[in-house]
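Beneath this line is the structure, given in structure tokens, with notes to follow.
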Amino acid sequence: MLDDKIEAEKPGVSRRSLIAKGLALGGAAALGGATTASAAGNPANQPPNVPEWSKVLGDGVAVRPYGHPSKYESNVIRRDVEWLTASRESSVSFTPLHELDGIITPNGLCFERHHGGIAEVDPNDYRLIIHGLVDKPLIFTLDDLKRFPRVNRAYFAECAANSGMEWRGAQLNGCQFTHGMIHNVMYTGVPLKILLEEAGLKPNAKWLLLEGADAAAMTRSLPLAKALDDCLVAYRMNGEMLRPENGYPARVVVPGWEANMWVKWLRRIEVGDEPWQHREETSKYTDLLENGKARRFTYVMDAKSVITSPSPQAPLKHGKGFTVISGIAWSGRGKIARVDVTLDGGRNWRSARLDGPVWDKSMTRFYVEFDWDGSELFLQSRAIDETGYVQPTKDELRKVRGVNSIYHNNGIQTWYVAPSGEVENVEIS
Ligand code: CO
Numbered sequence: 000m001l002d003d004k005i006e007a008e009k010p011g012v013s014r015r016s017l018i019a020k021g022l023a024l025g026g027a028a029a030l031g032g033a034t035t036a037s038a039a040g041n042p043a044n045q046p047p048n049v050p051e052w053s054k055v056l057g058d059g060v061a062v063r064p065y066g067h068p069s070k071y072e073s074n075v076i077r078r079d080v081e082w083l084t085a086s087r088e089s090s091v092s093f094t095p096l097h098e099l100d101g102i103i104t105p106n107g108l109c110f111e112r113h114h115g116g117i118a119e120v121d122p123n124d125y126r127l128i129i130h131g132l133v134d135k136p137l138i139f140t141l142d143d144l145k146r147f148p149r150v151n152r153a154y155f156a157e158c159a160a161n162s163g164m165e166w167r168g169a170q171l172n173g174c175q176f177t178h179g180m181i182h183n184v185m186y187t188g189v190p191l192k193i194l195l196e197e198a199g200l201k202p203n204a205k206w207l208l209l210e211g212a213d214a215a216a217m218t219r220s221l222p223l224a225k226a227l228d229d230c231l232v233a234y235r236m237n238g239e240m241l242r243p244e245n246g247y248p249a250r251v252v253v254p255g256w257e258a259n260m261w262v263k264w265l266r267r268i269e270v271g272d273e274p275w276q277h278r279e280e281t282s283k284y285t286d287l288l289e290n291g292k293a294r295r296f297t298y299v300m301d302a303k304s305v306i307t308s309p310s311p312q313a314p315l316k317h318g319k320g321f322t323v324i325s326g327i328a329w330s331g332r333g334k335i336a337r338v339d340v341t342l343d344g345g346r347n348w349r350s351a352r353l354d355g356p357v358w359d360k361s362m363t364r365f366y367v368e369f370d371w372d373g374s375e376l377f378l379q380s381r382a383i384d385e386t387g388y389v390q391p392t393k394d395e396l397r398k399v400r401g402v403n404s405i406y407h408n409n410g411i412q413t414w415y416v417a418p419s420g421e422v423e424n425v426e427i428s
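Counting along the sequence shown from 1, when you hit position 24 you're at 23 in numbering that gives the first Met the number 0, and nothing is skipped either side.
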């Protein structure tokens with residue numbers, strides 16, 4: 000029973016009060032609140048009748064050798080914004096955050112950002128070369144990589160331009176589009192440090208050039224200190240091999256740093272003593288300020304959070320009564336220490352309940368359970384990480400950086416919930 004679960008997790012709420020509130024909604028609410036008009040469905044399939052799917056034999060095991068979600072979940076997909084990118088090859092898709100819970104992003108729903116389309120790499124022909132300022136240049140096959148000691152780590156990957164369209168004001172109506180350039184995956188891979196030590200670093204080694212095998216030959220410079228700290232060459236995501244769109248068969252994982260440095264289809268690492276000139280998009284490292292100056296080498300993703308439900312694509316359909324706010328928080332500087340949530344646009348804040356693992360540079364899930372009286376809400380969340388950093392408001396960010404930036408917008412998001420339960424992306428000040 001849902002009520003028992005809620006009661007067990009929320010010792011402060013008595014069983015009697017939950018049931019009383021449930022009954023106020025209608026008879027079935029105490030069984031889980033399935034009373035909304037949209038969930039009315041077909042009475043012939045509902046108790047006390049025997050549903051149609053109980054009257055026929057279902058598929059056997061061989062019909063779905065690789066499983067897919069239920070056909071009723073066909074709406075849970077990556078989406079793109081057509082006007083945002085000129086070509087399909089150099090484009091971005093967004094994770095449907097409003098449809099997900101917990102902290103792990105399913106592989107088929109991880110946002111994509113390609114610069115030359117998806118490289119379909121044959122694992123038999125896959126090679127990774129490490130050369131430059133090393134004692135002995137090395138070439139690894141995929142099987143070679145799998146023979147090194149491996150680790151499992153969950154990390155978020157966030158595009159530096161995530162929420163970029165929101166710098167000048169509320170624009171896109173859904174957290175899939177405002178915050179969906181992020182995913183959180185359990186990687187299996189080799190610490191980059193082990194591979195570099197195998198090749199032997201020269202004393203003057205300071206930077207790495209990472210190059211992908213895609214048509215854009217995507218290249219990024221990575222400071223050696225970061226590579227030796229916690230970077231991985233990963234070949235698995237959530238247990239299975241990387242998906243082609245996520246860099247199959249091997250990619251770099253740069254924990255807490257902007258995702259454009261996580262070079263996919265990794266084919267070459269050149270060790271050098273300074274950063275390389277990038278063929279493309281040196282601006283990726285540069286955030287333009289109001290005074291014409293720029294912030295450079297802004298690699299770390301600052302602490303950020305967003306309420307994923309309710310949100311514009313996930314309205315409060317059930318009407319007033321007991322409900323759950325669900326959201327995610329993350330920080331490129333470590334663990335999430337706390338998340339605050341306000342229902343009234345910042346007048347009153349309460350601490351959210353963190354649930355599930357709270358890991359370093361990984362998404363953290365938070366919840367606030369409350370009894371909605373049906374009046375309008377201005378929902379916000381504010382992440383605080385273990386360094387004490389507090390997620391700023393968008394106005395606080397603009398005061399420091401102006402409005403010319405696209406990158407590193409980690410400002411507090413506001414959702415307006417109307418009495419009807421519809422939700423809109425708004426800004427308040
Ligand atoms: Co940056």
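Backbone N, C-alpha and C fix where the C-beta goes; we use that ideal spot for every residue, glycine too.
Query                                                                                                                          : Result
Contact under 7 Å by Cβ, I405 with T392                                                                                        : no
Of the listed residues P105, W261, V120, M362, nearest to I76 (C-alpha basis)                                                  : P105
Close Cβ partners of G492 (< 6 Å) along its chain, the five nearest in sequence each way excluded                              : No answer is possible for residue 492: it lies beyond the span of the chain, which begins at 0 and ends at 428.
Beta-bridge pairing of N429 - partner residues as DSSP gives them                                                              : Any question about residue 429 goes unanswered here, given that the chain covers just 0 to 428.
Closer than 6 Å: E157 CB and nearest the ligand CO heavy atom                                                                  : no
8 Å contact criterion, which S350 and D339 should meet: CB distance rounded                                                    : 6 Å
Classification of L56 by the beta-carbon crowding that lies within 10 angstroms, buried from 16 upward                         : exposed
F369, buried or exposed, once every other Cβ within 10 Å from all chains shown has been counted against 16                     : exposed
Rounded C-alpha distance that separates V133 from T218                                                                         : 19 Å
Residue environment, A61, which counts as buried when at least 16 other CB atoms sit within 10 Å                               : exposed
Cα-Cα separation between L208 and D359, rounded to whole angstroms                                                             : 26 Å
Distance between beta carbons of V120 and A258, contact taken as under 8 Å                                                     : That belief does not hold up - the Cβ atoms of A258 and V120 are roughly 19 Å apart, past 8 Å.
Reference I181; option with closest CA among T187, E197, E165, N161                                                            : N161
Other residues of its chain near S428: CB distance less than 7 Å, five sequence neighbours each side excluded                  : D394
K263 versus I117, P122, W414, residue with shortest Cα-Cα distance                                                             : I117
Cα-Cα separation between I327 and Y388, rounded to whole angstroms                                                             : 16 Å
Coil, strand or helix - D394 by DSSP                                                                                           : helix
Contacts around S89, its chain only, beta-carbon distance under 6 Å, and the 5 residues preceding and following it disregarded : H114
Beta bridge counterpart(s) of T307 as assigned by DSSP                                                                         : Paired residue(s): none; T307 is not in a bridge.
Interface flag, V232 vs chain B, CB-CB below 7 Å                                                                               : Absent here is chain B; the protein component of the structure consists of one chain.
Residues bridged to G188 (per DSSP)                                                                                            : V150, A233
Sheet register partners of T104 (DSSP bridge)                                                                                  : In DSSP, T104 forms no bridge with anything.
Alpha-carbon to alpha-carbon, N48 and M185                                                                                     : 43 Å
Check: T297 C-beta below 6 Å from any heavy atom of the ligand CO                                                              : yes
Distance cut-off 6 Å: Y406 Cβ against heavy atoms of the ligand CO                                                             : yes
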